[in-house]
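Trainee:
2 protein chains.
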Amino acid sequence: MSKIYVAGIGPGAYDQMTGKAIRALNESDVIIGYTVYVDLVKEHFPGKEFMTTPMKKEVDRCVLAFEEARKGKTVSMICSGDAGVYGMAGLMYEVGVNYPDVELEIISGVTAATGGAAVLGAPLIHDFCLISLSDLLTPWEKIEARLLGASQADFVICLYNPSSKKRHDYLKKACDLMMRYKSPETVCGIVYHIGREGEGSRVMTLKELRDTQVDMFTTVFIGNSQTKELNGKMVTPRGYRNV
Amino acid sequence: MSKIYVAGIGPGAYDQMTGKAIRALNESDVIIGYTVYVDLVKEHFPGKEFMTTPMKKEVDRCVLAFEEARKGKTVSMICSGDAGVYGMAGLMYEVGVNYPDVELEIISGVTAATGGAAVLGAPLIHDFCLISLSDLLTPWEKIEARLLGASQADFVICLYNPSSKKRHDYLKKACDLMMRYKSPETVCGIVYHIGREGEGSRVMTLKELRDTQVDMFTTVFIGNSQTKELNGKMVTPRGYRNV
């Protein structure tokens, strides 16, 4: 049976890949992915065939993977972070309905929420939500409901896709919504280029975050009511009772 | 300056550790952790000094790490999954306030939510929440508010610590709360012993989950309104519009 690995490569640095993901890529004849991610791993897997499709061509990319597998090749479809967090794993199963003779194996990786958290300190620790601000495939009303629901229930919130050229004011809109329930003084943090060249982070208040311009390579963290700044690090305690 | 790595070792299998975590442990003189996690890695790091403290002695474990570091040793504090997701990273920063001469570096890993998701198929994919059902350090009212808020906003929900000897009916209580907003037919999944011997999973409805007995080695996934079962896998589509 032909096999496709759908593998998360982590935030970007080779040493943040798991051994399992490295093994899958080594076992593969073809490595397929979005151009940027393929460029990140290319040098570490010499002799492999690489295929890329641009952003927004995700279905084509899945079909390409299955067609290559049908030729008898072992294929790795790579995603940044974790393949199952805003990644290709779901679409691969959906497209895979047409390819019952191809086996899928999902290999998890370090997603931006936990990779970025390690840079900021310990912002997640307790209950948290991931919310993508991209309304390309999700109606904005749904995103709004999630921002409000998560804020009201005092979750730590991690925002993916906080901005793009077309959505330059979405983070501001999101902060305004969260401030209906979260204090403007809530401790927040941003991390950019996690695990890649130019990695950096900043800790600030929610009020300050509202007026901060971020790009699509940034992951944003909004604390819960207990989150604090400790020596420049963003830290959420484990519980609500004193330990 | 003395250094402590706070490293997530992933779900348990050595090949799910990142290269960075392996390097940190190799560089360390002492590896400290909860007994079960130390036993998982021991064989792969021969010649290291290992120290353990039992469950519920987390503050002692942190103090131990800092005291060892102060002796000039390089220390790794290990956690299962990711060190920043219900892990020791937060407490290490809190205890670390008393040890300004010791540097902390957090190394992220694959947490049970994404490790378990890979076993079930692609249950997360889109916006999701992690909620721990343990009320040891969090008032139950807070957990309840989060279960309700997350369900109302149609998040995929991943439950950590779904059960214990003292909390054998908590999953049932949680399911009843989630069913106020989620359909009893919502696709759910459980994964046990992720990445370890005896790994297994099951896909079922929320109604069935309510009457399923799970243990503390199980991670539970509750889909959103779009989650479906595809050939025995739990799959959440990427968006709410047709791609």
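Residue numbers (numbering that gives the first Met the number 0), protein chains in the order written: chain V, 0 to 242; chain X, 0 to 242.
Yeah, the Cβ is synthetic: ideal placement off N, Cα and C, and Gly gets one too.
1. Contact defined as beta carbons within less than 8 Å: I believe T51 of chain V pairs with G32 of chain V. What is the distance between those atoms, to the nearest angstrom?
2. Restricting to runs no shorter than 3 residues, where is the beta strand (DSSP E) found entirely within the region 38-109 of chain V?
3. Using CA atoms only, rank isn't needed, just tell me which of V:K181, V:I142 and V:S133 is closest to S150 of chain V.
4. Run the CB neighbour count on P45 of chain V, radius 10 Å, all protein chains shown included, and call it buried at 16 or more, exposed below.
5. Near Y92 of chain V, what residues of its chain come up, given a Cβ to Cβ distance below 7 Å and the 5 sequence neighbours on each side ignored?
6. Taking 8 Å as the cut-off, does the region 205-220 of chain V touch the region 144-164 of chain V (at least 3 CB pairs, one atom from each stretch)?
7. Compare the C-alpha of M54 of chain X against each of X:C78, X:V74 and X:E67 and name the closest.
8. Run through DSSP, which three-state label would K171 of chain X get?
9. In chain X, what lies closer than 8 Å to E93 of chain V by C-beta?
10. C128 of chain X CB to nearest chain V CB: under 8 Å?
11. Is there a Cβ from chain X that is less than 8 Å from the Cβ of V242 of chain V?
12. Report yes or no: do the region 117-129 of chain X and the region 15-30 of chain X share at least 3 C-beta pairs separated by less than 8 Å?
13. Name the chain V residues that come within less than 8 Å of S107 of chain X, Cβ to Cβ?
14. Just how far apart, CA to CA, sit E143 of chain X and A173 of chain X?
15. So the alpha helix (DSSP H) E140 of chain X belongs to, where does it begin and stop?
16. Is there a Cβ of chain X sitting closer than 8 Å to that of I31 of chain V, yes or no?
17. Going by the beta-carbon positions, is the gap between G194 of chain X and G114 of chain X smaller than 8 Å?
18. For the region 0-14 of chain V against the region 64-78 of chain V, are there 3 or more C-beta pairs whose distance is under 8 Å?
19. Hey, would you say M87 of chain X sits closer than 8 Å to E57 of chain X, going by beta carbons?
20. Tell me the start and end of each unbroken alpha helix (DSSP H) in the region 188-218 of chain X that is at least 4 residues and wholly inside, in chain order.
21. How many Å lie between A111 of chain X and R22 of chain V at the Cα?
22. Could you name the residues of the same chain whose beta carbon sits closer than 7 Å to that of V242 of chain X, not counting the 5 residues immediately before and after it, in chain order?
23. Find the residues of chain A that neighbour R145 of chain V, judging by a C-beta separation of less than 8 Å, and give them in chain order.
24. Judging by CA-CA distance, which residue of X:Q225, X:G108, X:G71 and X:S133 is the nearest neighbour of T137 of chain V?
25. Determine the extent of the beta strand (DSSP E) in which G7 of chain V is found, giving its start and end residues.
26. Is it true that the CB of G95 of chain X sits closer than 8 Å to the CB of I124 of chain V?
27. Let me see if you follow: with CB-CB separation under 8 Å, is D81 of chain X close to chain V or not?
28. Below 8 Å on the Cβ atoms is my contact criterion, and I expect R209 of chain X with D175 of chain X to pass it. Report the Cβ-Cβ distance as a whole number of Å.
Mentor: A quick look at the data gives this:
1. Rounded, the Cβ-Cβ distance is 6 Å, consistent with contact.
2. As far as the region 38-109 of chain V is concerned, its whole beta strand (DSSP E) runs of at least 3 residues are 48-52, 74-78 and 101-106.
3. Checked all of V:K181, V:I142 and V:S133; the closest Cα to S150 of chain V is V:K181.
4. The residue in question, P45 of chain V, is exposed, as its Cβ has fewer than 16 Cβ neighbours within 10 Å.
5. Apart from the 5 residues on each side of it in sequence, Y92 of chain V sits with its Cβ closer than 7 Å to the Cβ of L103 in its chain, given in chain order.
6. Contact holds: three or more Cβ-Cβ distances are below 8 Å.
7. Comparing Cα-Cα distances from M54 of chain X to each of X:C78, X:V74 and X:E67, the minimum goes to X:C78.
8. K171 of chain X: helix per DSSP, three-state reduction.
9. Using a Cβ-Cβ cut-off of 8 Å, E93 of chain V is close to L229, V234 and P236 of chain X, given in chain order.
10. C128 of chain X counts as touching chain V.
11. The predicted position of V242 of chain V is uncertain, since its pLDDT is 40 and thus under 50; a value taken from the coordinates is nonetheless stated next. Yes, because at least one Cβ of chain X sits closer than 8 Å to the Cβ of V242 of chain V.
12. Not touching, per the Cβ criterion.
13. Chain-order list of chain V residues neighbouring S107 of chain X: Q15, V109, T113, G114, A116 and A117, by C-beta distance under 8 Å.
14. Their backbone Cα atoms lie some 8 Å apart in a straight line.
15. Counting along the chain, E140 of chain X sits inside the alpha helix (DSSP H) bounded by residues W139 to Q151.
16. Not one chain X Cβ lies under 8 Å of I31 of chain V.
17. Yes, the pair counts as a contact, with Cβ atoms nearer than the cut-off.
18. The region 0-14 of chain V vs the region 64-78 of chain V: in contact.
19. It is a contact, given that the beta carbons lie within the stated cut-off.
20. Secondary structure within the region 188-218 of chain X: the alpha helix (DSSP H) runs of 4 or more consecutive residues, fully enclosed, are 205-209 (chain order).
21. Each residue's Cα considered, the two are about 21 Å apart.
22. Only weak support is given to the placement of V242 of chain X: the predicted model assigns it a pLDDT of 40, under 50, and the value that follows is read from those uncertain coordinates. Only residues of its own chain outside the window of five on either side were considered, and among them none has a CB closer than 7 Å to the CB of V242 of chain X.
23. Absent here is chain A; the protein component of the structure consists of chains V and X.
24. Taking only the C-alpha atoms, the option nearest T137 of chain V is X:Q225.
25. Where G7 of chain V is concerned, the enclosing beta strand (DSSP E) stretches over S1 to G7.
26. No.
27. At least one CB atom of chain V sits nearer than 8 Å to the CB of D81 of chain X.
28. Between the beta-carbon of R209 of chain X and that of D175 of chain X there is about 7 Å, and that keeps the pair under the 8 Å contact cut.
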